[in-house]
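Engineer: This structure is in structure tokens; I'll ask about it shortly.
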Ligand code: FES
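Numbering (my numbering), first residue to last: 413 to 630.
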């Protein structure tokens, strides 16, 4: 490998990683779910804890290689098996991202409902040209993702760990501006839809269910 490329690739990798108190408390709860000898099954939640801890500590949620080694040691599994998991799932970031990681779903239902406009609005407001780029102020990184499982409220944008739904260009810009001000709105529908109910409100299961007649009653 070219020396410059290798140096550039490794430059952002911290040499060490240690779980903090908050993560340790979570790990204790997670490991209790698995019988002895099956701790390796906790690899996904532990990698997720790493990413969240990095976000808390550095403002960038990602999973450094040193942390994968710590996870491997904690779960008594070969490091390569942790690398395989971390590099397979796109939910894990393998290099630093902006404080707010904008993950736009462009799969068919979101695309049909206007994800192109959401992408364009993200680029415009963050001042970036395309996917994989981070804004000059380090606040936003834009990524393209597959279905986020909330198609019923498409188009959907995930910011860090939260989903924002029913977006259009205007609401996307307002959303990014709110994050920039440090005033992120509650996640969910941006048009006030309740859960995944139809626009305008629920249309089924809106009346109280009649209790069944008591035994022996006419
Ligand atoms: S297609 Fe976008 S959330 Fe499913």
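In this text, a Cβ means the ideal position worked out from N, Cα and C, and glycines have one as well. Please read these numbers as outputs of a predicted model, since none were measured by experiment.
#1: Return the first residue and the last residue of the alpha helix (DSSP H) that residue 611 is part of.
#2: In this structure, does DSSP put residue 420 in helix, strand or coil?
#3: Kindly examine ligand 1 and report whether one of its heavy atoms sits closer than 7 Å to the Cβ of residue 462.
#4: Flag residue 602 as yes when its Cβ comes closer than 7 Å to any non-hydrogen atom of ligand 1, and as no otherwise.
#5: From what residue to what residue does the beta strand (DSSP E) around residue 517 run?
#6: Rounded to whole angstroms, how far is the Cβ of residue 487 from the Cβ of residue 475, which I believe are closer than 8 Å?
#7: Report buried or exposed for residue 589, applying the criterion of at least 16 other Cβ atoms within 10 angstroms of its Cβ.
#8: Could you check how far apart the C-beta atoms of residue 503 and residue 491 are, in whole angstroms? I think they sit under 8 Å.
#9: On the three-state DSSP scale, how would you describe residue 622?
#10: Have a look at residue 554 and residue 619 and give me their C-alpha separation to the nearest angstrom.
#11: How would you write the range of the beta strand (DSSP E) that residue 556 sits in, first residue to last?
#12: Given a cut-off of 8 Å on the beta-carbon distance, is the pair residue 550 and residue 510 in contact?
#13: Fully enclosed by the region 521 to 601, which beta strand (DSSP E) runs are 3 residues long or longer?
#14: Give the secondary structure of residue 432 by DSSP, where H, G and I count as helix, E and B as strand, and everything else as coil.
#15: To the nearest angstrom, how far is it from the Cα of residue 558 to the Cα of residue 514?
#16: Helix or strand or just coil, what does DSSP make of residue 504?
#17: Between which two residues does the alpha helix (DSSP H) containing residue 465 stretch?
#18: Using 10 angstroms around the beta-carbon of residue 546, count the other beta-carbons present and answer buried if the total reaches 16, otherwise exposed.
#19: Any idea if residue 565 is buried or exposed, counting beta-carbon neighbours within 10 angstroms, 16 or more meaning buried?
#20: Less than 8 Å between C-beta atoms, sequence neighbours within five positions excluded: which residues of the same chain meet that for residue 386?
#21: From the DSSP output, in three-state form, read off residue 355 for me.
#22: For residue 498 versus residue 427, is the C-beta spacing smaller than 8 Å?
Structural biologist: The short version:
#1: On the chain shown, residue 611 is found 199 positions in, with the first residue counted as 1. No alpha helix (DSSP H) contains residue 611, which DSSP labels as neither H nor E.
#2: Your numbering for residue 420 matches position 8 in the chain shown. Confidence in residue 420 is poor, its pLDDT being 48 and thus under 50, which makes the residue's placement too unreliable to answer from.
#3: Working through the chain shown from its first residue, we reach residue 462 at position 50. False, no ligand heavy atom lies under 7 Å from that Cβ.
#4: Residue numbering aside, residue 602 sits at position 190 when the chain shown is read from its first letter. No, the beta carbon of residue 602 sits no closer than 7 Å to any heavy atom of ligand 1.
#5: Position 105 of the chain shown, counting from 1, holds the residue named residue 517. Counting along the chain, residue 517 sits inside the beta strand (DSSP E) bounded by residues 512 to 517.
#6: Stepping through the chain shown from its first residue, residue 487 is reached at position 75. Stepping through the chain shown from its first residue, residue 475 is reached at position 63. Taking a contact as a CB-CB distance under 8 Å, the pair residue 487 and residue 475 does not count as one, their CB atoms being some 14 Å apart.
#7: Taking the first residue of the chain shown as 1, we reach residue 589 at position 177. The residue is exposed, with fewer than 16 neighbouring Cβ atoms inside 10 Å.
#8: Residue 503 sits at position 91 when you count from the first residue of the chain shown. Residue 491 sits at position 79 when you count from the first residue of the chain shown. Separation of the CB atoms of residue 503 and residue 491 is rounded to 20 Å, and the pair is thereby denied contact status at 8 Å.
#9: Counting from one through the chain shown, the residue named residue 622 turns up at place 210. Note: residue 622 maps to coil in three-state DSSP.
#10: Mapped onto the chain shown, residue 554 falls at position 142. Mapped onto the chain shown, residue 619 falls at position 207. Straight-line Cα distance between these residues: approximately 43 Å.
#11: On the chain shown, position 144 is the one that residue 556 refers to. That run of the beta strand (DSSP E) goes 552 to 557.
#12: Looking up residue 550 in the chain shown gives position 138. Looking up residue 510 in the chain shown gives position 98. Yes, the Cβ-Cβ distance between residue 550 and residue 510 is below 8 Å.
#13: Counting only unbroken stretches of 3 or more residues, the beta strand (DSSP E) elements lying wholly within the region 521 to 601 are 552 to 557, 569 to 571 and 574 to 577, in sequence order.
#14: Here residue 432 refers to the residue found at position 20 when the chain shown is read from its first residue. The three-state reading of DSSP puts residue 432 in coil, since its state is none of H, G, I, E or B.
#15: Taking the chain shown and counting its residues from 1, the one referred to as residue 558 is at position 146. Taking the chain shown and counting its residues from 1, the one referred to as residue 514 is at position 102. The straight-line gap from Cα to Cα measures roughly 13 Å.
#16: Sequence index remark: in the chain shown, residue 504 carries index 92 (1-based). It is coil, neither helix nor strand.
#17: Start at 1 with the first residue of the chain shown, and residue 465 comes out as number 53. Counting along the chain, the alpha helix (DSSP H) containing residue 465 begins and ends at 455 to 470.
#18: Within the chain shown, numbered from 1, the residue matching residue 546 stands at position 134. By the 10 Å Cβ count, residue 546 comes out buried.
#19: Position 153 of the chain shown, counted from the first residue, corresponds to residue 565. Label assigned to residue 565: buried.
#20: Past the edges of the chain, shown from 413 to 630, lies residue 386, and the structure says nothing about it.
#21: No answer is possible for residue 355: it lies beyond the span of the chain, which begins at 413 and ends at 630.
#22: The residue given as residue 498 occupies position 86 in the chain shown. The residue given as residue 427 occupies position 15 in the chain shown. No Cβ-Cβ contact shorter than 8 Å links residue 498 with residue 427.
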